[in-house]
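Residues 798 to 1177 (our numbering) make up the sequence shown, in order.
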Amino acid sequence: MNIHEYQAKEIFRDAGIPIPPGEVATTAAEAEAIARKFGGTVVVKAQVHAGGRGKAGGVKLARSPEEAREVAEKILKLTIKDLPVEKVLVTPAADIESEAYVGIIVDRASKRAVFMVSRAGGIDIEEVAAKTPEKIMRRPVDARYGLQPYEAMQMGFFLYDDVKQARAAAKIMQQLYTAFVKSGGSLAEINPLVTTPAGDIVALDAKMVIDDNELDRLPAIAALRDESAEAPSEVEARRANLTFIKLDGNVGCVVNGAGLAMATMDLVKYYGGEPANFLDIGGSSNPEKVVSALRIITADPSVKAILFNIFGGITRTDDVANGIVTATKQNPLKVPIVIRLTGTNEDIALRILQENGFSAMTDMDEAVKKAVSLATGKAA
């Protein structure tokens, strides 16, 4: 689950990390009032779940309350990466001497949380990693002991030559690790971590991604979810207990099980297509899930062909067939559909489909090739 910058800053602030003050506005007038309260130059920042806000015009300086109003009015009209800006964060501008990067991610290879720190802050860490990897220090953390003081100090000295600043940075990293674990994070990031002319170290930006699997035990964190900032298709899928990830291709894929989903997407790409999504109806037998899945997929204009690839085990294929029939009666399809069903109650499922004018396949390769061909207009 993504959360907004202002929400991440609250979590970081509660952990003791030095964060500049800031307030959220949903109108230009509110932004002006907040800027007047702070006085001086402020920064107005779009609050959307998307990177590259600055490049998209979503982060701007304002030197007066009146300018803050003008800037906020423009930003609140923006749509950044298909997400409309509905609120802005207004925060005092800081004098910056230097910028660094501090982040934690969950590393699949080492199965640990891994710190990444760099003196090259203020830009995408992916760009630093690609062009100048020697500028990044990586340090895995043993969850049994947490981030040890000596480990934090090593990273602090990687960022700063000044002992006082290195110690301050080390303390911030330990606080960040505490916030990361306590909040069920899968990513926590400060970019930039800045030094001021007075030598202080301040976190100017904050980003957190929460592991969805942690939300059941963390209701206060779960309450931070802002569905208005999420893609409608993902919201509907979550409410229907479907696993859905939007991708950039044109073959809509409905499967059951993550392993089959990965195999299906690999095969779509192998035969020259591009998956439009990852939609897993899971292992239960419930025609309503299929109805919801088709409704979500057919709402995506980029989908040019739909591929159902179901391997029935716990999932009964006759339930899937009934779901397809029900869904298409409610909303007739505007794109071709390719159905591959095999497994539990396969004979019944095939009969249901045939009686309702559908054909189905049992061979996965042939089904994928046909879906790719229909989506691209070319032989796979």
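Quick reminder that beta carbons are idealized off the backbone N, C-alpha and C, glycines included.
Keep in mind it's a predicted model, so treat the numbers as computed, not measured.
When you compare the CB positions of residue i and residue j, do they come within less than 8 Å of one another, or not?
i	j	result
N1053	D1077	yes
G919	N988	yes
F835	A1003	no
V1250	A1096	The requested residue 1250 does not occur in the structure, where the chain is confined to residues 798 to 1177.
F954	R936	no
A825	V839	no
V1048	G1070	yes
R850	A843	yes
V887	I814	no
L1104	V1165	yes
Going by C-alpha distance, which of the options is nearest residue i?
i	options	result
E1163	E1143, V938, D959, L1064	L1064
I1145	V1048, P817, T1114	T1114
S1025	E883, V887, E1071	E883
E827	P818, R866, G1109, L1039	R866
P994	E894, A963, R964	E894
V885	S907, A906, V856, D892	V856
G1174	N1153, Q1127, V1132	V1132
D879	K908, F1155, K1043, L1130	K1043
D891	D904, A1000, A869	What sits at residue 891 in the sequence shown is Ala, not Asp. Taking only the C-alpha atoms, the option nearest A891 is A1000.
P889	N1047, A1037, V1165, I816	I816
V1088	A1058, P1129, G1110	P1129
G1154	S907, K1126, A1172	K1126
E829	K852, E864, V1165, Q804	E864
I1200	G1110, F1075, K806	Since the first and last residues shown for the chain are 798 and 1177, residue 1200 lies out of range.
In three-state terms, what does DSSP make of residue i?
i	result
G1140	strand
T764	As shown, the chain starts at 798 and ends at 1177. That puts residue 764 outside it, with no answer to give.
I808	helix
T888	strand
V909	Residue identity check: residue 909 is Arg in the sequence provided, not Val. Of the three classes helix, strand and coil, the one that applies to R909 here is strand, per DSSP.
Y1068	coil
Y942	coil
L1044	coil
Y957	coil
D1116	helix
M950	helix
L990	strand
A859	strand
M1059	helix
T876	strand
P818	coil
D904	strand
D921	coil
M798	coil
S1155	At residue 1155 the sequence reads Phe, which differs from the Ser that was named. Reduced to three states, the DSSP call for F1155 is coil.
Given this structure, state the Cα-to-Cα distance separating residue i from residue j, to the nearest angstrom.
i	j	result
P946	G1140	55 Å
E1033	K1167	28 Å
L873	A1157	48 Å
R1022	V841	22 Å
Y1068	D1008	33 Å
S915	I933	5 Å
G982	E1143	42 Å
C1050	G1056	13 Å
G996	Q962	7 Å
P881	G900	27 Å
A1028	A1037	15 Å
R909	I922	19 Å
A822	E986	23 Å
P930	Y898	13 Å
P1098	S1030	12 Å
Q1151	K1086	21 Å
D1045	M1059	15 Å
Can you list, in chain order, the residues of its chain whose CB lies under 6 Å from that of residue i, leaving out five sequence neighbours each side?
i	result
H846	N799, A1026
A812	Q972, T975, A976
M1062	P1072
A748	Not covered by the structure: residue 748. The range shown for the chain is 798 to 1177.
L1138	I1107, T1114, A1146, A1157
E896	G918, G919, P989, V991
T1040	D1077
L1015	G981
I1111	G1080
L1012	A1019
Less than 7 Å between C-beta atoms, sequence neighbours within five positions excluded: which residues of the same chain meet that for residue i?
i	result
F944	Contrary to the premise, residue 944 reads as Leu rather than Phe in this sequence. Taken in chain order, the residues that qualify are V938, M970, Q971, Y974.
P1084	D1116, N1119, G1120, T1123
V925	S915, A917, K932, I933
V1169	V1048, V1065, Y1068, G1069, G1070, A1177
I877	A843, V845, A847, R850, A853, G855
Y803	G819, V821, Q844, L886
V868	V841, K857, A859
A1172	N1047, V1048, G1070, K1101, A1102
Would the beta-carbon of residue i be found less than 7 Å away from any heavy atom of the ligand ADP?
i	result
A1055	The model depicted lacks the ligand ADP and carries no ligand whatsoever.
Nearest chain C C-beta to residue i closer than 8 Å, yes or no?
i	result
N1083	Among the chains in the structure shown there is no chain C, since it carries only a single protein chain.
For residue i, which residues of its own chain have a beta-carbon under 8 Å away from its beta-carbon, when the five flanking residues on both sides are left out?
i	result
S907	P937
D1160	R1137
D904	A910, V911, P937
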